[in-house]
Every structure is written in structure tokens, then in C-alpha cells.
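Data first, discussion second: the structure below is written as C-alpha cells.
Chains as they are written, first to last, in full-length UniProt numbering: chain A, 1 to 184; chain B, 1 to 199.
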């Protein structure tokens, strides 16, 4: 009803000044809590909600998720968050519970798809060699949480020379091993 | 009560009070207690129906999970309608069950109930006796609903024939409401109604 009233007022500019503040606030009311929407999201059918309100509604109706206003199909992935300007305490809403779904941002065409592809931008080249048996290899790769390999040491330091040396040794051992496999 | 439920009911309460329907005396809500958990609604019987001119009282209970779950609504005023129990006042209406949506309000619920009075759904009944009468003897149903409206909801139209039949059963020594239910259930046949009262 409030939407109808607003549109009527928009058609007749003379009455637009009456209660504009109140009606402007009314236009951005969440359809569930009826307060001005915070952490606002909008459904594909165009209905505005607070994200916490909509999230709770979707949780209540897990099996049949419909828009609370028009009963169109709705889902977490198909709502769009609205970011306004002038928030005095900017905070990532996704840090709050329940998390608001992220905006869908697609990359523009034509940029390099893999800018860091190759041996890394810092010029460090490492070669490591190991012999593993099948099941242990899985453990090593699965539980390697913080990518345990330390950063390459500063170029020119004795540590770097040492590591380059080790790296070369392993490289040669590896080549010899493969050579031996080919001959045997 | 959860904060959101109470805040919303406060707002809706204001919305209903300010609405055009209240100005036209079609719907009304009032508070029963101060916590906004329990309200009393009233709807006017819609025109061109047997309920026309009647005022029907409703009990509205707001669950803690409102508006994610529907309010619990039942008729306090006795009514003869296929989708409303003539005994308990329980309502069979989809939006008060699985078709509830969180954007619905007290106002839309009351207007939907008014629409239900105007458009009964006898194939999805709450009161099987009434629904059967609606389908098989529509004219008797219409007069019975009118009689109940004038008796319980201050409806303006009287049906002298039915009033007399109730009086004669009362004179036979039966309690008034029992007599009315017996006659309504037995298509206003005095003999069968008397037997029904005795069984």
C-alpha cells in the first residue's frame, strides 16, 4: 500500500513535498521487519530485505524458499547486496552473522588470466627432490596448511648460495636417477 | 517475546489503525495485553454473503517466531462456514499454515479472512458437516449461515422460520445451542434434530 501511495505522489509533483522524509524512509523498509533495511539485499523480483531477516526466513523455509512478498523462487545465491555511500562505520557485513552473500563481480575481458604463472615474480628458482611412497604423499599434501616452504632468502646472502648449491646437487641427483632408470 | 516480533506487531498495529479499511469499519484490531502477544481482531461480514452485516471476533496469538511463522488465529464468534469449525472456530486457510509469507501482516490476514467468508472452499473443509451441506443443499446452507450470523454476530437479517424451530426445540426441554446445532446439522428437520439431541 505504501508503494502505491508513493507512486501516486510521484505522479503529482505538487504533493511530493509533503512528508517526503517519512515516505523516503518508507520506500527503503525491509519487507520483513518493516524497519529501514540494514545490510540490505534485494531479490531478483525486486523486493528489499535486511539480510539477517531474509536469512532467517530462508532458514525457516529450507525446503520451499520463496520471496516473502511475491512468492517467486528465491535463494541465497540469487540476492544482490546493496552498498550505499556514507556509512560512518564501514565494516565488512560478511564478518557479521549471518554472513551476507558477496556481490557477483565478473572480471573485465582481456586481462592476463594468470599474471603469476611460472616460477614466481621474484626470480627465485627452486628445485627439490624427494622419494615418497603413495599414502605418505597424500598426508604431506593434505596437511600442509601454511604452505610450509619458507620464502627464498635474499639474493647474495651466504644462505642463498648454500641453497642454490643444494638445489643444484638435488637437480643432478635427480638427473642421474632418471638416467639410471632409463638404462636399467 | 523476541524483539523483532514485538516491534513488528507495534508497527502493524499502527498500520491497521490508520488503514482505509478501519475507516470503513471493515476490520479492526485491539490489544488484549500490553506485550503485543495476544490481540483481538474483528472483521465485518462481506456484502452479498450470508455473513453480511455481522461482526466476527477473532483471537490472534503472535508466536515468538513471528513474522517467520504465521499468527495463530481462530474465530471467537460462532460461524457456519465450510472452512471454519462450528465448534472450535478453528480456521482452514492456507496462508495461516504452509502458504504464510513473512511480508504478510495483520491487515492482510484480516482481509484474507474476509475474502474467505465471501469465497468458501468446500473441497478443503474444516467442518465436514457444513461443507457437505454447502455442496448438497446450498440454499439450506445459506439460510443456516444467515441464522448463525444474526444469532452470534449481530447480523441484521432474521430468519423467522429457523428461529421458530429453535424455539420449539427449546420448549421440548433442550438447551438452546444444542438445539441450534442439531437443527443446523439435520437440515432443519425437527424430528431428526430431536432424535439427534437425544442420542
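Cβ coordinates follow ideal geometry from the N, Cα and C atoms, glycine included.
Cα-Cα separation, residue 167 of chain A to residue 107 of chain A: Indexing the first chain from 1 puts residue 167 of chain A at position 167. Indexing the first chain from 1 puts residue 107 of chain A at position 107. If I take the Cα positions, the gap works out to 38 angstroms.
Cα-Cα separation, residue 179 of chain A to residue 104 of chain A: Numbered from 1 along the first chain, position 179 holds the residue referred to as residue 179 of chain A. Numbered from 1 along the first chain, position 104 holds the residue referred to as residue 104 of chain A. Each residue's Cα considered, the two are about 51 angstroms apart.
CB contact below 8 angstroms: residue 27 of chain A versus chain B: If you number the first chain from 1, residue 27 of chain A lands on position 27. With 8 angstroms as the cut-off, residue 27 of chain A does not count as an interface residue toward chain B.
The segment 1 to 21 of chain B contacting the segment 53 to 68 of chain B, beta-carbon criterion three pairs below 8 angstroms: yes
Contact with chain A by residue 69 of chain B, beta-carbon distance below 8 angstroms: Within the second chain, residue 69 of chain B is the residue found at index 69, counting from 1. Yes, residue 69 of chain B counts as interfacial toward chain A.
Three or more C-beta pairs below 8 angstroms linking the segment 129 to 141 of chain B and the segment 154 to 174 of chain B: no
Minimum C-alpha distance to residue 33 of chain B - residue among B:192, B:104, B:9: Your numbering for residue 33 of chain B matches position 33 in the second chain. When each option's Cα is compared against that of residue 33 of chain B, the closest is B:9.
Three-state secondary structure assigned by DSSP to residue 66 of chain A: Here residue 66 of chain A is taken as the residue at index 66 of the first chain, counted from 1. The answer is strand: DSSP assigns residue 66 of chain A an E or B state.
Cross-chain neighbours of residue 51 of chain A in chain B, by beta carbon under 9 angstroms: Here residue 51 of chain A corresponds to residue number 51 of the first chain, with the count starting at 1. What residue 51 of chain A touches in chain B: nothing, since even the nearest Cβ is about 14 angstroms away.
Cβ-based burial, residue 199 of chain B [other Cβ within 10 Å; buried from 16]: The residue labelled residue 199 of chain B in the question sits at position 199 within the second chain. Result: exposed.
Partners in chain B for residue 104 of chain A, counting only beta-carbon separations shorter than 8 angstroms: Residue numbering aside, residue 104 of chain A sits at position 104 when the first chain is read from its first letter. Neighbours of residue 104 of chain A on chain B: none; closest Cβ ~25 angstroms, over 8 angstroms.
Local Cβ density within 10 Å of residue 67 of chain A, reported as buried at 16 or more and exposed below that: Your numbering for residue 67 of chain A matches position 67 in the first chain. Flag for residue 67 of chain A reads buried.
Residue 75 of chain B - partner residues in DSSP beta bridges: For this step, residue 75 of chain B is matched to residue 75 along the second chain. B:58.
Contact list for the segment 58 to 91 of chain A against chain B, Cβ threshold 9 angstroms: 59, 60, 61, 64, 66, 67, 68, 69, 70, 71
Euclidean distance between Cα positions of residue 137 of chain B and residue 44 of chain A: If you number the second chain from 1, residue 137 of chain B lands on position 137. If you number the first chain from 1, residue 44 of chain A lands on position 44. Cα to Cα, residue 137 of chain B sits roughly 48 angstroms from residue 44 of chain A.
For residue 24 of chain B and residue 53 of chain B, the rounded distance between their alpha carbons: Your numbering for residue 53 of chain B matches position 53 in the second chain. Your numbering for residue 24 of chain B matches position 24 in the second chain. When rounded, the distance between both Cα atoms is 13 angstroms.
Check whether residue 75 of chain B and residue 95 of chain B have beta carbons under 8 angstroms apart: Working through the second chain from its first residue, we reach residue 75 of chain B at position 75. Working through the second chain from its first residue, we reach residue 95 of chain B at position 95. Not closer than 8 angstroms, so no.
Residue 31 of chain A classed as buried or exposed, judged by whether at least 16 other C-beta atoms fall within 10 angstroms: Within the first chain, residue 31 of chain A is the residue found at index 31, counting from 1. The residue in question, residue 31 of chain A, is buried, as its Cβ has 16 or more Cβ neighbours within 10 Å.
For residue 174 of chain B, the three-state DSSP class (helix, strand or coil): The count along the second chain starts at 1 and reaches residue 174 of chain B at position 174. It is coil, neither helix nor strand.
Distance between residue 58 of chain B and residue 118 of chain B (C-alpha atoms, nearest Å): Position 118 of the second chain, counted from the start, is the residue given in the question as residue 118 of chain B. Position 58 of the second chain, counted from the start, is the residue given in the question as residue 58 of chain B. Looking at the two C-alpha atoms, the distance is approximately 17 angstroms.
Interface flag, residue 1 of chain B vs chain A, CB-CB below 8 angstroms: Here residue 1 of chain B refers to the residue found at position 1 when the second chain is read from its first residue. Bear in mind that a pLDDT of 47 at residue 1 of chain B, under 50, signals an unreliable position, so the number given afterwards is only what the model happens to contain. No - not a single Cβ of chain A is within 8 angstroms of the one on residue 1 of chain B.
Beta-carbon spacing of residue 168 of chain B, residue 190 of chain B below 8 angstroms: As a working note, residue 168 of chain B is residue 168 in the second chain. As a working note, residue 190 of chain B is residue 190 in the second chain. Contact flag set, yes.
Boundaries (first-last residue) of the alpha helix (DSSP H) holding residue 158 of chain A: Start at 1 with the first residue of the first chain, and residue 158 of chain A comes out as number 158. Residue 158 of chain A: member of the alpha helix (DSSP H) spanning 158 to 183, first to last residue.
Residue 181 of chain B versus residue 81 of chain A - alpha carbon distance: Working through the second chain from its first residue, we reach residue 181 of chain B at position 181. Working through the first chain from its first residue, we reach residue 81 of chain A at position 81. Approximately 57 angstroms between the Cα atoms of the pair.
CB contact below 8 angstroms: residue 128 of chain B versus chain A: The residue labelled residue 128 of chain B in the question sits at position 128 within the second chain. Closer than 8 angstroms: no.
Minimum length 4: unbroken alpha helix (DSSP H) runs contained in the segment 92 to 171 of chain B: Counting only runs of 4 or more, we get 106 to 118, 128 to 136, 138 to 152, 160 to 171.
Residue from B:16, B:48, B:46 with nearest C-alpha to residue 40 of chain B: Locating residue 40 of chain B in the second chain gives position 40, counting from the first residue. Residue B:16 is the option with its Cα nearest to residue 40 of chain B.
Helix, strand or coil at residue 200 of chain B according to DSSP, with G and I counted as helix: For residue 200 of chain B there is no data in the structure shown, the boundaries of chain B being 1 and 199.
Any C-beta of chain B under 8 angstroms from that of residue 45 of chain A: For the purposes of this step, residue 45 of chain A is taken as the residue at position 45 of the first chain. So, not an interface residue.
As assigned by DSSP and simplified to three states, the class of residue 34 of chain A: Here residue 34 of chain A refers to the residue found at position 34 when the first chain is read from its first residue. In the structure shown, residue 34 of chain A sits in coil (DSSP, three-state: anything other than H, G, I, E or B).
Residue interval of the alpha helix (DSSP H) (run including residue 13 of chain B): Within the second chain, residue 13 of chain B is the residue found at index 13, counting from 1. It spans 3 to 18 - the alpha helix (DSSP H) in which residue 13 of chain B sits, taken as one unbroken run.
Beta-carbon neighbours of residue 34 of chain A, restricted to chain B and to distances below 7 angstroms: By 1-based counting over the first chain, the position of residue 34 of chain A is 34. Within chain B, the residues placing a beta-carbon under 7 angstroms from that of residue 34 of chain A are 8, 11, ordered along the chain.
Residue 199 of chain B - DSSP class collapsed to helix/strand/coil: One-based indexing of the second chain puts residue 199 of chain B at position 199. Here residue 199 of chain B sits in coil by DSSP.
Beta-carbon spacing of residue 71 of chain B, residue 84 of chain B below 8 angstroms: Taking the second chain and counting its residues from 1, one reaches residue 71 of chain B at position 71. Taking the second chain and counting its residues from 1, one reaches residue 84 of chain B at position 84. Cβ distance not < 8 angstroms, so residue 71 of chain B and residue 84 of chain B don't count as in contact.
Contact belief for residue 79 of chain A with residue 48 of chain A at Cβ below 8 angstroms, rounded distance in angstroms: What you label residue 79 of chain A is simply residue 79 of the first chain in a count that begins at 1. What you label residue 48 of chain A is simply residue 48 of the first chain in a count that begins at 1. Actually they are not in contact, since the Cβ atoms of residue 79 of chain A and residue 48 of chain A sit about 10 angstroms apart, beyond 8 angstroms.
Residues bridged to residue 80 of chain A (per DSSP): Position 80 of the first chain, counting from 1, holds the residue named residue 80 of chain A. DSSP lists A:42 as partners of residue 80 of chain A.
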